[in-house]
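Protein chains in written order, with this note's numbering: chain A, 4 to 157; chain B, 4 to 157; chain C, 4 to 157.
Report on the structure given below.
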Amino acid sequence: MGQIDERLAELGIDIPTPAAPVANYLGWVRTGNLVFTAGQVTVKDGEFLYQGKVGAEISVEEAAKAAKLCAINIIAQVKQACDGDLDRVKRIVKLVGFVNGVPEFTDHPAVINGASDLMVEVFGDKGKHARSAVGAGSLPINIAVEIEAIVEVA
Amino acid sequence: MGQIDERLAELGIDIPTPAAPVANYLGWVRTGNLVFTAGQVTVKDGEFLYQGKVGAEISVEEAAKAAKLCAINIIAQVKQACDGDLDRVKRIVKLVGFVNGVPEFTDHPAVINGASDLMVEVFGDKGKHARSAVGAGSLPINIAVEIEAIVEVA
Amino acid sequence: MGQIDERLAELGIDIPTPAAPVANYLGWVRTGNLVFTAGQVTVKDGEFLYQGKVGAEISVEEAAKAAKLCAINIIAQVKQACDGDLDRVKRIVKLVGFVNGVPEFTDHPAVINGASDLMVEVFGDKGKHARSAVGAGSLPINIAVEIEAIVEVA
Numbered sequence: 004m005g006q007i008d009e010r011l012a013e014l015g016i017d018i019p020t021p022a023a024p025v026a027n028y029l030g031w032v033r034t035g036n037l038v039f040t041a042g043q044v045t046v047k048d049g050e051f052l053y054q055g056k057v058g059a060e061i062s063v064e065e066a067a068k069a070a071k072l073c074a075i076n077i078i079a080q081v082k083q084a085c086d087g088d089l090d091r092v093k094r095i096v097k098l099v100g101f102v103n104g105v106p107e108f109t110d111h112p113a114v115i116n117g118a119s120d121l122m123v124e125v126f127g128d129k130g131k132h133a134r135s136a137v138g139a140g141s142l143p144i145n146i147a148v149e150i151e152a153i154v155e156v157a
Numbered sequence: 004m005g006q007i008d009e010r011l012a013e014l015g016i017d018i019p020t021p022a023a024p025v026a027n028y029l030g031w032v033r034t035g036n037l038v039f040t041a042g043q044v045t046v047k048d049g050e051f052l053y054q055g056k057v058g059a060e061i062s063v064e065e066a067a068k069a070a071k072l073c074a075i076n077i078i079a080q081v082k083q084a085c086d087g088d089l090d091r092v093k094r095i096v097k098l099v100g101f102v103n104g105v106p107e108f109t110d111h112p113a114v115i116n117g118a119s120d121l122m123v124e125v126f127g128d129k130g131k132h133a134r135s136a137v138g139a140g141s142l143p144i145n146i147a148v149e150i151e152a153i154v155e156v157a
Numbered sequence: 004m005g006q007i008d009e010r011l012a013e014l015g016i017d018i019p020t021p022a023a024p025v026a027n028y029l030g031w032v033r034t035g036n037l038v039f040t041a042g043q044v045t046v047k048d049g050e051f052l053y054q055g056k057v058g059a060e061i062s063v064e065e066a067a068k069a070a071k072l073c074a075i076n077i078i079a080q081v082k083q084a085c086d087g088d089l090d091r092v093k094r095i096v097k098l099v100g101f102v103n104g105v106p107e108f109t110d111h112p113a114v115i116n117g118a119s120d121l122m123v124e125v126f127g128d129k130g131k132h133a134r135s136a137v138g139a140g141s142l143p144i145n146i147a148v149e150i151e152a153i154v155e156v157a
């Protein structure tokens with residue numbers, strides 16, 4: 004059991020096995036030392052959670068939980084990219100977070116903090132990343148948040 | 004004639020010569036073994052096609068064709084980056100697809116599949132990429148889809 | 004004083020010291036020779052400028068100035084990543100510009116030109132980059148433009 008696995012256990016976070024891709028794309032691709040993940044969504048145990056516009060049906064607090072779930076699914080993809088060994092993560096390099104807000108929504112950073120905070124809780128300083136938080140006009144299946152990542156691995 | 008050129012001929016796909024840039028940016032930049040393309044749009048023979056909001060004036064089926072056209076224009080940029088030799092493509096690493104949907108649009112994956120499917124038809128396993136599919140609030144010239152790519156080349 | 008510093012002085016552009024991060028993310032992360040910046044916003048001397056929807060409260064001309072301000076803040080992050088020496092910039096590789104437009108907005112390229120033009124004014128041919136210009140559905144604090152960058156450095 005690795006250090007990151009121990010940390011996840013302390014935090015009570017289960018990292019799921021990523022679902023097999025259902026189309027002509029993959030959950031992650033590695034090139035050199037960088038892993039690029041697909042946009043991760045608010046799916047848990049095969050069910051889509053947190054559906055609705057942020058600022059209308061979904062509050063900022065709920066949306067931050069949605070962002071945390073996206074981050075857990077990013078870690079799941081990265082774990083697979085590292086053959087199961089999350090101690091090979093050198094750095095969470097970049098997150099781009101898309102928030103499915105109403106047009107007048109303005110609090111994207113508070114939403115994406117749900118993902119950023121988790122990355123630092125799990126990976127410490129290696130979890131500190133560059134980040135963009137923007138508003139999408141719409142998102143697949145009307146989910147509240149979608150996040151993609153670039154991760155440096157050994 | 005390379006293997007990928009033969010495959011494109013089999014598929015009946017013509018790869019255009021990219022238009023010369025009209026502003027202070029380029030269609031692609033290479034750094035190390037990675038080519039980053041500019042966001043590619045639904046232009047064919049100098050004409051903009053597929054203009055309108057997806058879910059209103061543009062159907063999912065039409066938008067998937069728009070995504071395929073963006074993918075053809077991505078391949079055109081990558082071909083130039085490879086001095087005309089598409090056999091130097093090692094991997095389509097990442098696609099980010101922006102769909103100009105109405106706010107309640109939810110079927111972004113079906114739209115961007117038009118690009119993902121083409122990449123795998125043309126490049127086989129090397130065409131399998133990580134992908135994000137998100138909704139834009141608006142797009143240039145009111146086109147239905149814009150897609151950017153990261154490609155590993157030799 | 005480096006060549007790029009001299010060029011900035013000629014252009015009358017002050018590069019600010021980036022504000023310390025206020026959350027669990029950073030203004031930039033370097034991996035290999037690439038610097039990924041966080042999405043940069045329209046902040047100057049701690050104040051947020053250019054707030055409003057482009058095509059409604061904000062004109063294209065104002066939005067292009069907003070994009071220029073984002074580009075100045077990108078250069079500020081990159082300067083820090085280069086220990087203060089902007090001559091170590093090898094290439095502005097990629098910009099992704101998000102425009103907070105009304106749904107019918109169509110002139111994203113003219114907005115993001117405000118950033119692209121500055122990069123070429125400052126860095127010359129090294130400033131020529133691949134670029135995506137898309138419409139966000141909303142942006143943090145209702146700013147008009149947010150831009151992120153990938154930069155190759157020595």
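Even for Gly, the Cβ is constructed at its ideal location relative to N, Cα and C.
A quick note: this is a predicted structure, and the numbers were derived from the prediction, not measured.
Residue burial classification, residue i (beta-carbon count within 10 angstroms, cutoff 16)
{"i": "Q6 (chain A)", "result": "exposed"}
{"i": "I122 (chain C)", "result": "It should be pointed out that residue 122 (chain C) corresponds to Met in this sequence rather than to Ile. Buried is the call here."}
{"i": "K47 (chain C)", "result": "exposed"}
{"i": "G117 (chain C)", "result": "buried"}
{"i": "T40 (chain C)", "result": "buried"}
{"i": "V92 (chain B)", "result": "buried"}
{"i": "L142 (chain C)", "result": "buried"}
{"i": "T45 (chain B)", "result": "buried"}
{"i": "L98 (chain A)", "result": "buried"}
Pick from the options that is closest to residue i, judged by C-alpha positions
{"i": "L29 (chain B)", "options": "C:P19, C:I146 and C:D120", "result": "C:D120"}
{"i": "E149 (chain B)", "options": "B:R10, B:A133 and B:A67", "result": "B:A67"}
{"i": "R146 (chain C)", "options": "C:E50, C:I77, C:L37 and C:D90", "result": "Inspection of the sequence shows that residue 146 (chain C) is occupied by Ile rather than by Arg. Minimum Cα distance to I146 (chain C) is reached at C:E50."}
{"i": "V63 (chain B)", "options": "B:F101, B:V32, B:H111 and B:P24", "result": "B:H111"}
{"i": "A22 (chain A)", "options": "A:S135, A:A74, A:F108 and A:A79", "result": "A:A79"}
{"i": "F126 (chain A)", "options": "A:V137, A:P106 and A:V156", "result": "A:V156"}
{"i": "L11 (chain C)", "options": "C:V154, C:K71, C:E124 and C:L142", "result": "C:E124"}
{"i": "N76 (chain A)", "options": "A:L52, A:V105, A:E13 and A:G58", "result": "A:L52"}
{"i": "G58 (chain C)", "options": "C:N27, C:N36, C:K131 and C:V105", "result": "C:V105"}
{"i": "E107 (chain C)", "options": "B:S135, B:K131 and B:E60", "result": "B:E60"}
{"i": "T20 (chain A)", "options": "A:A133, A:K82 and A:G35", "result": "A:K82"}
{"i": "H132 (chain B)", "options": "A:P24, A:V137, A:R94 and A:Q54", "result": "A:P24"}
{"i": "C73 (chain C)", "options": "A:S135, A:L72 and A:A152", "result": "A:S135"}
{"i": "G100 (chain A)", "options": "C:E151, C:I95, C:T34 and C:D8", "result": "C:E151"}
{"i": "V96 (chain C)", "options": "B:L14, B:R33, B:E9 and B:E13", "result": "B:R33"}
Span separating the alpha-carbon of residue i from that of residue j
{"i": "A84 (chain B)", "j": "V114 (chain C)", "result": "27 Å"}
{"i": "N103 (chain B)", "j": "A139 (chain A)", "result": "10 Å"}
{"i": "K129 (chain C)", "j": "I16 (chain A)", "result": "45 Å"}
{"i": "G42 (chain A)", "j": "G87 (chain B)", "result": "31 Å"}
{"i": "I144 (chain C)", "j": "T109 (chain A)", "result": "5 Å"}
{"i": "M4 (chain A)", "j": "E65 (chain A)", "result": "32 Å"}
{"i": "A70 (chain C)", "j": "I18 (chain B)", "result": "33 Å"}
{"i": "L37 (chain A)", "j": "V154 (chain A)", "result": "6 Å"}
{"i": "N27 (chain A)", "j": "K56 (chain C)", "result": "36 Å"}
{"i": "R94 (chain C)", "j": "V137 (chain B)", "result": "28 Å"}
{"i": "D90 (chain B)", "j": "E9 (chain A)", "result": "44 Å"}
{"i": "W31 (chain B)", "j": "E13 (chain B)", "result": "27 Å"}
Paired residues, beta bridge with residue i - DSSP
{"i": "V92 (chain C)", "result": "C:V156"}
{"i": "T40 (chain B)", "result": "B:W31"}
{"i": "Q54 (chain C)", "result": "C:I146"}
{"i": "E64 (chain B)", "result": "Answer by DSSP bridge pairing: none, since E64 (chain B) is not bridged."}
{"i": "K82 (chain C)", "result": "Partner(s): none; K82 (chain C) has no beta bridge."}
{"i": "V46 (chain C)", "result": "C:F51"}
Residue i Cβ short of 8 Å to the ligand NAP heavy atom set
{"i": "I7 (chain C)", "result": "The ligand NAP is absent from the structure shown, which contains no ligand whatsoever."}
Could I get the ranges of all uninterrupted beta strand (DSSP E) runs contained in the segment 84-149 of chain C, with 3 residues as the minimum, in chain order? 92-102 and 132-138
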